[in-house]
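**Q** Questions regarding the structure given below will be posed in turn.
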Ligand code: T1G
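Pasting the structure below:
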């Protein structure tokens, strides 16, 4: 019998209303119904003169239960529960600890006083889910903080620290300690002694509007959240409400909230939120105990290796970085020290903490014996099989039994690397994305025969490094890069047929990606594409259409940003198209006897996304990705897929799989080899079902 999520008790003249709904005290229907009962009990209890509203567990309420979205709303509705709370003729003190977010903060704003415990963070992050605060936040928060701080909090969705919340007037006081019940009793006693009565935020004066500040905010929000609707809606509702009686503002907010709850952007953003948490739920690892990891080794101090070292150091791990000689080791030391210095400058780390890391937690070496105590080693050397096999031979000799040996390779066959060791079951892939201390995606690549506890160790390390870890099978490019290659091929085919790279990049950025495929290649370096084409040439199917102009750019030494010239010229404030590129492409079209035609942005997107979804369907169908959500999370966190579209396979479901399959069939008339429909896509479309049906089979 699960305990009721809301309980009522009384100590002396103080009523104690406690919410206990693990893990984050989300306000689902049972909590709302329980609150109504408890508030009625408090109102009817003649001995109770003041109420304390608090939560058990690690945090105050984290918001409405987002799993209820999409289902028919069930009374009592949160705005009504909050109205009942605020209308009480006896005062209620809300005690906030942990994270008080969304509907949780809105409930607290309906109380008459608010007390924060140390470290508490408040916020209204609804716009990150494609909605707006729907329980009075747009109308009450501005009455406490003023209009612009409230708008900034809602549109940024940031968490407000305790001191700032006190300064803004959201909190009335801060209390020491970690026990919300005790803190509530203490401050409640003081309020009673002052004979404090209810103090309703809704009765406070509406906030002033500064037109100039509002114009600036609208402009910055429009630029920062291009394509998204919730942020601007939050501004509109808050500003309109400020000019209306409170009750009218609440109705305006509720109507807008309900519209957004039904929007595709809400479905996409909630999908993304839940998917990046589900992705670490791996049935075959249930009950598997990971190995302990406190000391790690990193092999290679280049951009990737030093980034991995910094990520581990910032997570509190002890790191020994091995380079081939003392000069390279010194360079790696300097690189790590500089990156940590950047973290200090950005306020992510104190100078003292940096000094302690460099003196106690980090060291470089060129002697493999120094890795003998490491619990886990990550190799990040040159992408060459012989080089990696040589490293793993050394690791096998020097690392202790049970150490997990990981490679950061982005495409090499991990089983081949593992084969040089006497412990292949301890070998897996940890594919970081550069810069490794910034990018959240981590592909945990699991070769056949990897020990479950080694895999579990990889996921625990990923969580410790605050990564979003996705399990991947072994193939060329694993999940993300393999899909990226298909997208690039589609883009090249579009350019071969007549579009120019700049039109393709613009269409892709207008769709919501931060950069288009050609700008990305300039960023990564055109030599990477050149080597990839060389590497694949020997095994390439003769039917595959491969653009060759990239080799011409490479031959001219145009490697992109690092040489100042590639698809774009980097000689001014903004990159600009390289005027020589189109002539090079035109020559290739002529050699292939292609008469170029125009491409509208929509057609560019249709082809690009069809190729992305088709390859993603292959990746899921082959078991390289466990579920469609694993692909979504990979593309969201490693490749800039627009989050407000949920991820490519969520997006595909929204388009309708039969529609996509029909498009692919049309494209196949030009290139039957590239546009072979993925069997999984064809099967799902034929059965009238969706990728989502594979995300939660249970
Ligand atoms: N509803 C349901 N489940 C939630 C949840 C929520 N609001 N928040 C978290 N969970 C689950 C999550 O899926 C995971 O489940 C577990 O709790 C731990 O979460 C009317 C309508 C609070 C900062 O947007 O930001 O209020 O994977 O892994 O890293 O205006 O969770 O264990 O099965 O993230 O410690 C507004 C969302 C809602 C806050 C904690 N609130 N949550 O982070 O743990 S809309 C939010 C978070 C709203 C009102 C509107 C974070 C966290 P599982 P976790 P964490």
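Numbering (this note's numbering), first residue to last: 72 to 769. The beta carbon of each residue, even a glycine, is placed where N, CA and C say it ideally should be.
For the pair the region 748-758 and the region 726-735, tell me if three or more CB-CB distances fall below 8 Å.
**A** Touching, yes.
**Q** If distances are taken between C-alpha atoms only, which option among 515, 582 and 474 comes closest to residue 495?
**A** The residue given as residue 495 occupies position 424 in the chain shown. For the residues 515, 582 and 474, the minimum Cα distance to residue 495 belongs to 474.
**Q** Quick check on the burial criterion: 16 or more other C-beta atoms within 10 angstroms. Buried or exposed for residue 769?
**A** Counted from its first residue, the chain shown places residue 769 at position 698. With a pLDDT of only 49 at residue 769, under 50, the local geometry of the prediction cannot be trusted, and the value read off the model is given with reservation. By the 10 Å Cβ count, residue 769 comes out exposed.
**Q** Tell me which residue opens and which closes the beta strand (DSSP E) that residue 540 is part of.
**A** The residue given as residue 540 occupies position 469 in the chain shown. That run of the beta strand (DSSP E) goes 539-543.
**Q** Got a sec, what are the start and stop residues for the beta strand (DSSP E) residue 28 sits in?
**A** Residue coverage of the chain in this structure runs from 72 to 769, which leaves residue 28 outside it and unanswerable.
**Q** Based on DSSP bridge pairs, tell me the residues matched to residue 503.
**A** Position 432 of the chain shown holds residue 503. DSSP output for residue 503 lists 513 as bridge partner(s).
**Q** Looking at the ligand T1G, does it come within less than 7 Å of residue 464, judged from the CB to the closest heavy atom?
**A** The sequence position of residue 464 within the chain shown is 393, counting from 1. Outside the cutoff, so no.
**Q** What's the gap between the Cα of residue 259 and the Cα of residue 123?
**A** Counting from 1 along the chain shown, the entry for residue 259 is found at position 188. Counting from 1 along the chain shown, the entry for residue 123 is found at position 52. So the alpha carbons of these two residues sit roughly 7 Å apart.
**Q** Please state whether the Cβ-Cβ distance between residue 403 and residue 372 is less than 8 Å.
**A** As a first step, residue 403 must be located in the chain shown, where it is residue number 332. As a first step, residue 372 must be located in the chain shown, where it is residue number 301. Yes, they are a contact pair.
**Q** Between the beta-carbon of residue 526 and the beta-carbon of residue 356, is there less than 8 Å?
**A** Counted from its first residue, the chain shown places residue 526 at position 455. Counted from its first residue, the chain shown places residue 356 at position 285. For residue 526 and residue 356, yes; Cβs fall inside 8 Å.
**Q** Around the Cβ of residue 553, are there at least 16 other Cβ atoms within 10 angstroms (buried) or fewer (exposed)?
**A** Against the chain shown, residue 553 aligns to sequence position 482. Buried: at least 16 other Cβ atoms inside 10 Å.
**Q** Rounded to whole angstroms, what's the CA-CA distance from residue 219 to residue 514? Just pull it up for me.
**A** Locating residue 219 in the chain shown gives position 148, counting from the first residue. Locating residue 514 in the chain shown gives position 443, counting from the first residue. Straight-line Cα distance between these residues: approximately 41 Å.
**Q** Buried or exposed, going by whether 16 or more other CB atoms sit within 10 Å of the CB of residue 503?
**A** Walking along the chain shown from the start, residue 503 turns up at place 432. Counting Cβ neighbours within 10 Å, residue 503 comes out buried, since at least 16 surround it.
**Q** Alpha carbon to alpha carbon, what distance is there between residue 248 and residue 211?
**A** Start at 1 with the first residue of the chain shown, and residue 211 comes out as number 140. Start at 1 with the first residue of the chain shown, and residue 248 comes out as number 177. If you take the alpha carbons of residue 211 and residue 248, they lie about 28 Å apart.
**Q** Apart from the five residues on each side of it in sequence, which residues of its chain come closer than 6 Å, Cβ to Cβ, to residue 535?
**A** Here residue 535 refers to the residue found at position 464 of the chain shown. These residues qualify, in order along the chain: 386.
**Q** Output needed for residue 558: all residues of its chain with C-beta closer than 8 Å, excluding positions within five of it in sequence on either side, in chain order.
**A** Mapped onto the chain shown, residue 558 falls at position 487. Result list for residue 558: 588, 679, 682, 683 and 686, in chain order.
**Q** With a cut-off of 8 Å on the beta carbons, I'd call residue 749 and residue 692 a contact; round off their distance for me.
**A** Your numbering for residue 749 matches position 678 in the chain shown. Your numbering for residue 692 matches position 621 in the chain shown. Contact flag correct, Cβ pair sits at about 6 Å.
**Q** Just to confirm, are residue 262 and residue 121 a CB contact at a threshold of 8 Å?
**A** Indexing the chain shown from 1 puts residue 262 at position 191. Indexing the chain shown from 1 puts residue 121 at position 50. Yes, Cβ-Cβ distance for residue 262 and residue 121 is below 8 Å.
**Q** Kindly list the residues whose CB is nearer than 8 Å to the CB of residue 439, restricted to its own chain and excluding five residues on each side of it in sequence; keep chain order.
**A** Start at 1 with the first residue of the chain shown, and residue 439 comes out as number 368. Counting only Cβ-Cβ distances below 8 Å, and skipping sequence neighbours, we find 393, 465, 466, 468 and 469.
**Q** If you draw a straight line from the alpha carbon of residue 518 to that of residue 375, how long is it in whole angstroms?
**A** Within the chain shown, numbered from 1, the residue matching residue 518 stands at position 447. Within the chain shown, numbered from 1, the residue matching residue 375 stands at position 304. If you take the alpha carbons of residue 518 and residue 375, they lie about 22 Å apart.
**Q** Give a yes or no on contact between the region 569-588 and the region 606-615, applying the rule of three or more CB pairs nearer than 8 Å.
**A** Cβ pair count under 8 Å is below three, so no.
**Q** Taking only runs that begin and end inside the region 314-349, name each unbroken beta strand (DSSP E) of 3 or more residues, in chain order.
**A** Counting only runs of 3 or more, we get nothing.
**Q** Can we say the region 452-459 touches the region 477-496, given the rule of at least three CB pairs closer than 8 Å?
**A** In short, these stretches touch, since the Cβ pair count reaches three.
**Q** Count the other CB atoms, across all protein chains shown, that sit within 10 Å of the CB of residue 329; report buried if there are 16 or more and exposed otherwise.
**A** The residue you call residue 329 lines up with position 258 of the chain shown. Classification for residue 329: exposed.
**Q** For residue 653, which residues of its own chain have a beta-carbon under 7 Å away from its beta-carbon, when the five flanking residues on both sides are left out?
**A** By 1-based counting over the chain shown, the position of residue 653 is 582. Contacts found: 571.
**Q** Would residue 90 and residue 136 qualify as a contact pair, given that the criterion is a beta-carbon distance under 8 Å?
**A** To locate residue 90, count along the chain shown from 1; it is residue 19. To locate residue 136, count along the chain shown from 1; it is residue 65. Going by C-beta atoms, residue 90 is not nearer than 8 Å to residue 136.
**Q** State yes or no: is the C-beta of residue 222 nearer than 7 Å to some heavy atom of the ligand T1G?
**A** By 1-based counting over the chain shown, the position of residue 222 is 151. No.
**Q** In the DSSP assignment, find the unbroken alpha helix (DSSP H) run with residue 264 in it and report its ends.
**A** Translated into the one-based positions of the chain shown, residue 264 becomes position 193. Run containing residue 264: 251-264, per the alpha helix (DSSP H) assignment.
**Q** Relative to the C-alpha of residue 240, which residue among 183, 331, 282 and 269 is closest?
**A** The sequence position of residue 240 within the chain shown is 169, counting from 1. Considering only alpha carbons, the answer is 183.
**Q** Can you tell me where the alpha helix (DSSP H) with residue 747 in it begins and where it stops?
**A** Looking up residue 747 in the chain shown gives position 676. Premise fails: residue 747 is in no alpha helix (DSSP H) and is neither H nor E.
**Q** 8 Å is my cut-off, CB to CB: does residue 491 come that close to chain C?
**A** Although the question refers to chain C, the structure presented lacks it and comprises just one protein chain.
**Q** Does the separation of the CB atoms of residue 567 and residue 665 fall below 8 Å?
**A** Locating residue 567 in the chain shown gives position 496, where the first residue counts as 1. Locating residue 665 in the chain shown gives position 594, where the first residue counts as 1. Result yes, Cβ atoms of residue 567 and residue 665 sit closer than 8 Å.
**Q** Contact check, residue 119 vs residue 86 under 8 Å by CB: the rounded distance?
**A** In the chain shown, the residue the question calls residue 119 occupies position 48. In the chain shown, the residue the question calls residue 86 occupies position 15. Right, their Cβ atoms sit about 4 Å apart.
**Q** Drop a sphere of 10 angstroms on the beta-carbon of residue 636, count the other beta-carbons inside from all chains shown, and report buried for 16 or more, exposed for fewer.
**A** Looking up residue 636 in the chain shown gives position 565. Buried: at least 16 other Cβ atoms inside 10 Å.
**Q** What ranges does the alpha helix (DSSP H) occupy inside the region 612-699, keeping only unbroken runs of at least 4 residues that lie completely in it?
**A** The qualifying runs are 620-626, 652-662 and 672-692.
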